[in-house]
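Taking the working numbering, the leading residue of the sequence shown gets 800, the next gets one more, and so forth. We put the beta carbon where it would ideally sit given N, CA and C, even for glycine. Some notes on the structure that comes next.
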Amino acid sequence: MLRLENLSAGYGPAAVLQDVSLEIRKGETVALLGPNGAGKSTLLAAITGTIAHREGSILLENENLIRQPSHRIVEQGVALVPEGRLVFAPFTVEENLRLGAVRLRGDLGERYRFVYGLFPRLEERRRQAAGTLSGGEQQMLAIARSLMSAPRLLLLDEPFLGLAPLVVVEISRALEKLRATGLTLLMVEQKLDIALDFAQRAYVLIKGRIVLQDSTRNLGQRSDLADLYFALATSSASARSSP
């Protein structure tokens, strides 16, 4: 579904990502792990075309996304659930959902029914302003809004950040249902336990480079994984603070 080959990208003159290669098979769930500042969100921004790349390629089922505008990438079936939710607070739940249906034409009834089936609370609040929802409900809305475009590839940037445990369970169940439909997921996550439970494979990104990759089953069997992950993150932080 998605293949990054020797990708370098960043903001202005700074290359945040350096020679990154990864792949995601159709219907697979992959986690991208790493500490703050590792380049995880930058990688999602490169895939969605909101920052410029320098070298390498981004292939979506062999279609090169490099130098394509963001709206064209969305039309090809890529959707992003951004960190921090970024819902349109004055608009109703249903208006927020309508804004997510940018690649669809005609009657949207089927898509509304699909996302309301995943998140029944949103249907109950469909006439309510998004800014009045709880944090968990806003995260549900951010996911549902991205699903309104009927994507082939869903990118999730820290989908469980700051959520209560019961909400994490509710959103996890919804994402499991999405996986059962064959949707391909790439999830940025900092917490090892969530990534190992949810994803099938994982990549660890440190200072803009992939330093470890394996199946989550194999990673979960490594007794040194937590220590290794902490050591990599600490090494990254030390390197940034060095003169």
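Contact defined as beta carbons within less than 8 Å: I believe residue i pairs with residue j. What is the distance between those atoms, to the nearest angstrom?
i	j	result
L832	L991	7 Å
L953	A878	5 Å
G1007	Q817	5 Å
V987	D956	5 Å
L803	G855	7 Å
Under a three-way DSSP split, which group does residue i fall into?
i	result
G826	coil
Q817	strand
A878	strand
A808	strand
T891	strand
R912	helix
I942	helix
R866	coil
S1041	In this prediction, S1041 has a pLDDT of 41, which is less than 50 and means its spatial position is unreliable; what the coordinates show is noted afterwards. If DSSP states are grouped into helix, strand and coil, S1041 belongs with coil.
A928	strand
E957	coil
R951	coil
G899	helix
R802	strand
With burial defined as no fewer than 16 other Cβ atoms inside 10 Å of the residue's Cβ, what is the status of residue i: buried or exposed?
i	result
V870	A quick correction: the sequence has His, not Val, at residue 870. Looking at its Cβ environment, which holds fewer than 16 other Cβ atoms inside 10 Å, H870 is exposed.
E909	exposed
G934	exposed
Y810	exposed
N895	buried
E936	buried
Alpha carbons only, please: which of the options is nearest the one belonging to residue i?
i	options	result
S820	R1021, Q1020, L1011	L1011
K825	G838, L1024, R1000	R1000
A813	T841, A979, A830	T841
R912	A949, L932, F887	A949
Sequence ranges, beta strand (DSSP E) only - wholly within the region 982-1034, length at least 3
983-988, 1000-1005, 1008-1014
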